[in-house]
Every structure is written in C-alpha cells, then in structure tokens.
Ligand code: IVH
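Have a look at this one:
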C-alpha cells in the first residue's frame, strides 16, 4: 500500500473533504482489495486508536502529564489518519484527527470564551525531506512556476514549548487572556496572565493603527524557575513536574494568582492578528508588536531558500540549550500575509505554516547494572547504571527505573543494550530494550529481597508498585530523610542544615533522630569540616527558634506517613495537643476531613512505636510546641445547617479563608452542587457547569459582599 505522506494527511483533513490525487490513491484501496477479516481488524484498530488518542490528549492537555512522547503521538495520529482515509464509512467529526486537543477546565474556576479566530495547531515534521515537500507544496498551491525568480519568503522562528495563549487588547487595554482550550473556546486566565511582567497591560498604539487586536504566543516556565519548583516539590515529596511545559500548564490552571506569581512565568509572543494589520508581512507585524512593547524573540530569520532554513535549524538545534526557556523545534511560516490567506487552512492546521521538531535525543547504551536507592519513606527505587553516553549535550550514566513493574514491562536485565532518551529534555529515561539476538545467556531479573542499607527484609503492599524497607527507625537513609524533612522550610524551617550537614551529623554519631537536634552545641558543630563559630552558632540559634513553630507544623514535621501539610493542619485544629491525638480512636480520626482509613491507621501505628514516644518526650523536653491554641470557637450560628459550595475567584479573601469562615459560622463547605446545597458562594468567573447546575436546581448564588454581610465580619 502507498505510504501516506504529510500532504495526504493535510488533504484528508481539508474541511471540504478534498479529493486530490493523493486522496484518490489512498481511498482507492478499500474493501475490494482487502479481505473482510482484515478490514474488520482495521476498523477495530481505528476505533481503538481514537480512544487511545483522546486519552493521550486528555493526559497532555488536562492532566499536564503526558505518558508518551510527541513523536509517538504523531505516529499514532498519522496511523489513525491513514486508517480513516481507508474507511470513510467510519468518518466522525469528533475524531481526534478532526480537532485539536483540549485543555478546557470545564469543571471549575475559569470563564470560557469563544475565540474570535480559531486557535489551531501546527503540522509536525521531523526531517529536511518533509520541509522540502512542504515548501514544494506551498509553491505549487500558490501556482508559482518552476524556475520563478522570486520564491515566497519563509520566516523561521523557535518553537517554544509551553502553552499557547491568546491576548485580547481592546482600546489598547488587555481585556482577556484565553488558553487554546479546544481551539474554539478557551479558559480566560487573565488574572494569572497579569502576573507575567513582560506582558503589557496597556499599549500606546500609533495613530492610524488598530488599538483593538489579538496577539498570540506561548507562556513558559523558564528552566531556572522549573528547577527551583521541582527542588521544592522534591523536598515535600510531591510529584515532580516532568518538564517545564507541564509545570507551566499546571501553573496557569491555578485558581489563585498569588501562587502563579510565585512561580515566575514568562511569555514569548509570535502571532499578531487584527482586522487591519500594520504590515503586509508576518515579520513586519512582529516588528510592529515589538515596538509596542511586546516580548518578541530576536531569534527570527526571514529565509529565501531551503538552505537558509536548514542553516537556521542546525544553528538552533545546538544553541537552544543556552536559552532560558524550553524549545522543541522550529516553526516555518510563509511571510506574506496575502499568500497565507491564499494557502488557507485544513481543519486543524494552517497550510502556510509547519513545525519542524528537533529529534528527541536517543542513544543505545549498555545497562551495566541495577542498583537500589532507599528514600526517606523507605521506598526502594531501582536505578540503572549505564555505560556513559552523550545526550543533549550532557553525559548520562544513570537513569531511574521507577519500580519492579517498570523493569518487567521493559523486559530488561543487567547486561542488555537499552535505549536512553531525554524525556521532556531533562530527566533521562530508559524507553526500551535494543533488539538483540540474545547471544549470551543472562540471569532473569529479580528485585532485591533485602534493604541494601540496613539489611531488613523488604515488603510490597499489593496496592502499591513500590517495595519498601520497613525499618523506619534503624535504616540510615530513612533516618536522615526524616531529619531533612523535619528541618525543611514548610516544616520546622531550620536554616543552614542541608543534606551534607545531616550526613556529617550522622557519620559522627551526633544525631540519630529529630529530637537529637535539640541537644547539639555550637562547640560540637564547630568540630565539623567547613564550620566556624558563626555558622555553628547560626545553626544552634535556628534550632532553638524552631521551638516557636506552631503545633500544626510540628505535626507535619515529625513525619507521620500520609500526614502532609494540609492534613496536619486539619488534624491539629481538631486535636489541640499531641496527647489528645495519641489517645484518639481510629473512628474519631476518620471524622476529620481528608483523614481516611489509611491515614488514621498510620497515625495509630506511629504512636504504637516506643521509639516515637521517646522522640516525642524529648521534643517536649526541648520545648517544641506539641500543643496549639484551642480549636477556634464557633463565631456565630449565621450559617448553621447550611451546605455551601464555593466557586470562582475571589477578591477579598482566599478560598481557604472562605472555607474557614463557613465553618466558624456553623456552615459546611461541600464540593459539588446538589439539591442539598443551600447556596453557592460565587467569585468571578464561576465555572459554567456549576452555574448551569445551580440555576437548574434554583439554588441561590451569592457574591462575596453579600456573604460577608451575612456573617457580618466584613473587613
Ligand atoms: S504559530 C496557526 N509560532 O506550537 C498556528 N506557534 O504545535 C499558529 N508554538 O499551538 C502558531 N512556538 O502553541 C507558532 N513560534 C511559534 C510557536 C508556536 C510555539 C506552539 C503553539 C502552537 C503549537 C503547535
């Protein structure tokens, strides 16, 4: 069968259902040449690919956690496109081939608005040959004859790997900022976009130019911020963002702009749109936008030949590593706007532009051995020790193998040749085994049975993929990890004690557990390499200051499994000292929001261990706060018996503050609207589904001011 090329695909996706020669060649191969059985198999594959691609779209756009590479996605999409071309009887306007992926947050938080012009995607290509084909096709479609003197100019730009955003300016003022959403409608994330410093809130437009226009670009999280956030998340044992794109997308979907502001997003703009453009070319429009004060990259070149395009690609394939933000390719655009118009669009992409994706760096190497790392919580992670290879400019000699199941799925063993890729450009990962002829016999893979650090027998909870060392108190990495967690910023916030210092304390037998920190002296610390009187004194002072840290944070700091920051707060509010918590029954614990069977059992098990009781006694002696203020009294009965749903973005208080107020005045905060809901406390941009449901059930919607008046605590 004829191999489909990208132009077949462009044609197939054409809104008019284009019947070019290429289409005919493909659709010519239908049932009459294919046996019934294989046609049925193809149809089944087509339907299953649709479901699979929808799921990948969801993982990528909504969850911000893609599970396959862009290239694998594109390959599957091409396969689906070719199957659809062979089975026109299964045509479906909802197929993933017919619409761009969607990141709409239909659930909550943001208002959705229709795009003034659809926000499309770009066709991806991976080779010089693809680019040549595209360029030839552009020339052909424009009716430019072979050997013509002037070929159309192509603008080359970097392809920024973030989230596309559409900024609307009305009378020079930024009024809306829409995500791509499903290409037709997007979420208005203006409040979050306003935290990005290089996006002007207002622009002065020269006389004669339009002050109402749209400008599109990419929101990104610079590498430096991305790495900082992941370091913080790692310290808190929160899942890490795989790459800056996912981190940016997670950030932009935050409902609280204060969190967004802390993350430090950046924006690069690359597409000016208005009814009246200020220049006849794309590059002219970008120059104009730059003059208005928009952040437009300087890495733009107007090319007049394929060679110039390839030069640009070769240059940036290497130099992009020096950029402060992630890029994943080059975008090629026909420069002349009237030619763009002439070329037009398919259902999903413009014909006047195309993306060239940089090759994912992939290398073969030898899996020398598998070693095992024990983390703070006792989870044992297998790590691949590799024959060092060069990938994206760095040497890779280790990669995580996650857990036993991952290794079994890949079917790899020590001594195998494996593929290593830079997943999302940063974290190297093993993506498979290189097919070989299995000449030398190798031992079957077997996960270790005992902890490499302390020798305890490992256990695996059937519900979890991880093997765990149960020796919490006597296994060094777990002991050190507990101390690292205890001193961390969100816990006791003791400055000056990092991983290395804890290692030293440990090696010298100065500290075995968190309570030992409180008996350290300046003299002792000064004995350690690299410490002087002042630095040693700072540590002791920091430890001493930590005795003022409130009970709820101490409860988080002592590291009871599953008791994270928020859960600790809720527990501490209910059990105002450690003795009360220690004598709580499981059922009592489970009445607290967020505390289920697993958390409750973990708390009970914690207090059953004599070593923990001893640590608590010593913390108490050191003056650490193991009791808090009395649980806040109910302030009024204004909301007694009321079930209240909160939705939208608020001006006077945060959502958490409103939740607290509801409780303090006798109400109950619930998450979804039902017949039992008394009213919805709505901020700006209330989720449309919630709005619709509330209206359908005739439930009152109350704004912030009215709510504050109800409880009479307006500030
Ligand atoms: S132009 C009609 N230029 O890549 C399409 N897109 O894979 C106009 N992107 O959705 C897009 N850098 O989010 C354009 N210099 C650039 C870009 C760029 C990144 C993103 C954009 C688009 C996606 C397609």
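Numbering (my numbering), first residue to last: 425 to 1139.
Glycine included, each C-beta is placed from N, C-alpha and C at the ideal position.
None of the values given here were measured: they were computed from a predicted structure.
Counterpart residues of residue i in DSSP-defined beta bridges
{"i": "residue 609", "result": "538"}
{"i": "residue 793", "result": "809"}
{"i": "residue 776", "result": "In the DSSP output, where bridge partners are listed per residue, residue 776 has none listed."}
{"i": "residue 1124", "result": "1103"}
{"i": "residue 841", "result": "790"}
{"i": "residue 581", "result": "724, 755"}
{"i": "residue 906", "result": "None, per the DSSP bridge assignment."}
{"i": "residue 1076", "result": "Bridge partners of residue 1076: none, in fact."}
{"i": "residue 641", "result": "589, 693"}
{"i": "residue 1108", "result": "1073"}
{"i": "residue 823", "result": "808"}
{"i": "residue 769", "result": "774"}
{"i": "residue 413", "result": "Beyond the ends of the chain as shown, which are 425 and 1139, falls residue 413; an answer cannot be given."}
{"i": "residue 798", "result": "804"}
Cβ-heavy atom distance, residue i to the ligand IVH, below 7 Å
{"i": "residue 485", "result": "no"}
{"i": "residue 545", "result": "yes"}
{"i": "residue 582", "result": "yes"}
{"i": "residue 774", "result": "yes"}
{"i": "residue 780", "result": "no"}
{"i": "residue 628", "result": "no"}
{"i": "residue 588", "result": "yes"}
{"i": "residue 798", "result": "no"}
{"i": "residue 642", "result": "yes"}
{"i": "residue 755", "result": "yes"}
{"i": "residue 694", "result": "yes"}
{"i": "residue 777", "result": "yes"}
{"i": "residue 669", "result": "no"}
{"i": "residue 495", "result": "no"}
{"i": "residue 604", "result": "yes"}
Which listed residue (the options) has its alpha carbon closest to that of residue i
{"i": "residue 596", "options": "579, 576, 624, 610", "result": "624"}
{"i": "residue 1116", "options": "822, 535, 521", "result": "535"}
{"i": "residue 877", "options": "871, 509, 895, 870", "result": "895"}
{"i": "residue 935", "options": "1011, 907, 598, 989", "result": "907"}
{"i": "residue 541", "options": "767, 602, 1042, 957", "result": "602"}
{"i": "residue 1046", "options": "973, 1014, 618, 807", "result": "973"}
{"i": "residue 651", "options": "523, 956, 669", "result": "669"}
{"i": "residue 1032", "options": "1005, 508, 512", "result": "1005"}
{"i": "residue 820", "options": "806, 789, 838", "result": "789"}
{"i": "residue 634", "options": "587, 693, 702", "result": "702"}
{"i": "residue 924", "options": "952, 943, 1030", "result": "952"}
{"i": "residue 630", "options": "522, 713, 643", "result": "713"}
{"i": "residue 1150", "options": "491, 1088, 1082", "result": "Residue 1150 is absent from the structure shown; the chain starts at 425 and stops at 1139."}
{"i": "residue 830", "options": "957, 1011, 600, 888", "result": "888"}
{"i": "residue 466", "options": "497, 491, 492, 513", "result": "513"}
{"i": "residue 1014", "options": "781, 991, 1034", "result": "991"}
{"i": "residue 745", "options": "734, 808, 782, 718", "result": "782"}
{"i": "residue 892", "options": "1068, 931, 546, 871", "result": "871"}
Integer-rounded CB distance, given that residue j should sit under 8 Å from residue i
{"i": "residue 1049", "j": "residue 1000", "result": "That pair is no contact at about 11 Å."}
{"i": "residue 589", "j": "residue 533", "result": "Not really, about 16 Å apart at Cβ, beyond 8 Å."}
{"i": "residue 841", "j": "residue 858", "result": "4 Å"}
{"i": "residue 875", "j": "residue 798", "result": "6 Å"}
{"i": "residue 503", "j": "residue 473", "result": "6 Å"}
{"i": "residue 1097", "j": "residue 1063", "result": "Residue 1097 to residue 1063, Cβ: 17 Å. No contact."}
{"i": "residue 915", "j": "residue 846", "result": "Going by Cβ atoms, the distance from residue 915 to residue 846 rounds to 33 Å, so no, they are not a contact pair."}
{"i": "residue 537", "j": "residue 610", "result": "7 Å"}
{"i": "residue 1107", "j": "residue 1128", "result": "6 Å"}
{"i": "residue 555", "j": "residue 724", "result": "Not quite, the Cβ-Cβ distance comes to about 17 Å (not below 8 Å), so this is no contact."}
{"i": "residue 740", "j": "residue 758", "result": "Not a contact, Cβ separation roughly 20 Å."}
Chain D within 8 Å of residue i, Cβ atoms only
{"i": "residue 671", "result": "No chain D is present in this structure, which holds just one protein chain."}
Note to self: Which runs of the alpha helix (DSSP H) at least 4 residues long sit entirely within the stretch 484-513? Give them in chain order.
What the structure shows: Fully contained in the stretch 484-513 are the following alpha helix (DSSP H) runs of length 4 or more, in chain order: 494-510.
Check: Which runs of the alpha helix (DSSP H) fall wholly inside the stretch 957-1000 and span at least 4 residues, in chain order?
Finding: 957-969, 975-981, 989-998
Next item on the list: Output the residue ranges of the alpha helix (DSSP H) runs that lie fully inside the stretch 688-759 and measure 4 residues or longer, sorted by chain position.
Entry: Fully enclosed alpha helix (DSSP H) runs of 4 or longer: 706-716, 730-743.
Notebook entry, point to check: Which ranges does the beta strand (DSSP E) cover as unbroken runs of at least 3 residues, wholly within the stretch 1000-1062, from first to last along the chain?
Noted result: Those beta strand (DSSP E) runs which fall completely within the stretch 1000-1062 and span 3+ residues do not exist here.
Next item on the list: Please list the segments of the alpha helix (DSSP H) lying wholly inside the stretch 866-937, counting only runs of 4 or more residues, in order along the chain.
Entry: 900-911, 923-931
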